[in-house]
Amino acid sequence: MRDLAGGHNLQTIMHRARTGTPHLFSGVIAVGIAASILFAGRMIAIHLEHKTLHAVAPRVFQVKNQGLAFQRTAAHARDVLPLYGSSELLSPAWETAGVFFRTAPTGFQASPVGKVGTTPLIMLQELGGLGDDLREKKIAISLSAVWFVVSDINQYSYDANFSLFAASELMFGNALDLELKRDIADRMLQFPGTMKKNPLLGFALRRLASGGPLDRIIFCALWPLGKVQNAILDLQDHFAAVIYIRNGPKSSSSLHPQELDWPSLITKASEKASASQRGTVSGTDQQMATRRSEAWFLQQLGGARQWTDLELLLRVLTKLHARPLLLSMPMDGQFYDQFGISRSIRESYYNKMRALAQRYNFELVEFEEHDEDAPFLVHRVPQIKRVASPHLTAKGWMFYDRVLDDFFHGRVPRS
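Read left to right, the sequence shown gives residues 5 to 419 (this note's numbering).
What follows is the structure in structure tokens.
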């Protein structure tokens, strides 16, 4: 009887194994088909991104700023110069780099990335997220002087510019070493609001910032989960890019190489800027410019956290072997003269920026000679802690454009 019972049990087990195997096999087939579809979809998306590059490169839009798909495509293109900056990039004026180089008059397009409140801390996450795609790639970075005379950016501005995909790619990617990631994580954790959006990233950042041996082991254990998260975010990014392409520009910009007469273009832009400012009363600036001591200015300059962020950005670019050009917008000398800050004291800003660029052997154009050149900047009402936050005029942009053209073609940039 026992033998019969044992045989019956064995037959039951074998039957279950035979019936279970097809289900397992079907599951594997289903997963394989799904993976193949996703892979094929991703390849199609990448093809579309490259095909429409010249149509979207000159534009500034949310999917491009928050994702990496269009930024990565621009990084791979030989005739596109990525330009990272802030709200100055949003101007629709003809002289703005994205618009001016739209038809590639000298053989390349500028691809602007940035919006209101974009700062070096955001830029380093995006560029770090691109990783090895930036190796030996020329890129330009526009820096606003206002960042370096206020104590820090606020949580709202950081949240509005934060990209989960870029941050996750930076932290769970292979391009940066743990020491650099630890320093970046320590800075990112000072803006805890964004960490609530993704507990995995927040936990990983805390482990990195702690820096202990056990914390590093835990971070390494999280690595596979981070890679899975990056793969999912990458698919979402490409899906968003395809939607934009379907609803966005239908054809590429017409490219028209031509000889540019830079002196003539700068003269016309200068006349345009002077005309737009003619008759403008600076009383608003005078009302907003509560006089401060020069000691206060130097204290602000020395305590601004954006210097730390800029150095982190330069460390990231060094590690990635990128070839950056730093364009430092001049200080609004007209405003600071009213503010009670002399030209000689403002020199401290230019000296500090110059020393930092030289430390990393990066090209820097400061436009220092335009510090008191009124038509170079749009003199807006101070918006950040009563500190001047100007934008470029037509004249300012034309000087920027000439520097970008020199840089792209390997000439010494002229300011």
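Even for Gly, the Cβ is constructed at its ideal location relative to N, Cα and C. Please read all numbers here as calculations on a predicted model, not as lab measurements.
Which two residues bound the contiguous alpha helix (DSSP H) that contains residue i?
i: residue 320; result: 310-324
i: residue 212; result: 203-214
i: residue 173; result: 168-176
i: residue 347; result: 347-363
i: residue 157; result: No alpha helix (DSSP H) contains residue 157, which DSSP labels as neither H nor E.
i: residue 238; result: 217-251
i: residue 277; result: 266-281
i: residue 401; result: 398-412
i: residue 306; result: 298-307
i: residue 378; result: Segment: none, residue 378 is in no alpha helix (DSSP H) and carries neither H nor E.
i: residue 192; result: 182-192
i: residue 127; result: 124-134
i: residue 195; result: Counting along the chain, residue 195 falls outside any alpha helix (DSSP H), and DSSP gives it neither H nor E.
i: residue 152; result: Counting along the chain, residue 152 falls outside any alpha helix (DSSP H), and DSSP gives it neither H nor E.
At the level of alpha carbons, what is the spacing between residue i and residue j?
i: residue 366; j: residue 329; result: 7 Å
i: residue 321; j: residue 33; result: 43 Å
i: residue 403; j: residue 85; result: 16 Å
i: residue 104; j: residue 303; result: 39 Å
i: residue 263; j: residue 157; result: 42 Å
i: residue 180; j: residue 136; result: 10 Å
i: residue 291; j: residue 345; result: Because residue 291 sits at a pLDDT of 47, beneath the cut-off of 50, its placement in the model cannot be relied upon, and the following sentence gives the value as read from the coordinates. If I take the Cα positions, the gap works out to 16 Å.
i: residue 208; j: residue 226; result: 7 Å
i: residue 41; j: residue 238; result: 15 Å
i: residue 66; j: residue 165; result: 10 Å
i: residue 10; j: residue 37; result: Any reading at residue 10 is ruled out, since the residue's pLDDT is 48, under 50, leaving its predicted position unreliable.
i: residue 203; j: residue 58; result: 37 Å
i: residue 285; j: residue 82; result: Here residue 285 scores only 45 on pLDDT, less than 50, and its place in the model should not be relied on; the value that follows carries that caveat. Looking at the two C-alpha atoms, the distance is approximately 45 Å.
i: residue 163; j: residue 49; result: 28 Å
i: residue 150; j: residue 412; result: 27 Å
Cβ of residue i within 8 Å of Cβ of residue j?
i: residue 4; j: residue 277; result: The first residue shown for the chain is 5 and the last is 419, placing residue 4 beyond what the model contains.
i: residue 87; j: residue 134; result: no
i: residue 310; j: residue 152; result: yes
i: residue 331; j: residue 369; result: yes
i: residue 99; j: residue 279; result: no
i: residue 326; j: residue 200; result: no
i: residue 258; j: residue 107; result: yes
i: residue 375; j: residue 333; result: no
i: residue 128; j: residue 313; result: yes
i: residue 146; j: residue 230; result: no
i: residue 61; j: residue 401; result: no
i: residue 323; j: residue 131; result: no
Over what stretch of residues does the beta strand (DSSP E) that includes residue i continue unbroken?
i: residue 146; result: 142-147
i: residue 327; result: 327-332
i: residue 367; result: 367-369
| request: Quick one: which unbroken beta strand (DSSP E) runs of 3-plus residues sit fully inside the segment 43-117? Chain order, please. | output: Taken in chain order, the whole beta strand (DSSP E) runs of length 3 or more contained in the segment 43-117 are 84-88 and 113-117.
| For the segment 163-175 against the segment 343-361, are there 3 or more C-beta pairs whose distance is under 8 Å? | Judged by pairs of C-beta atoms under 8 Å, the segment 163-175 does not touch the segment 343-361, as fewer than three such pairs exist.
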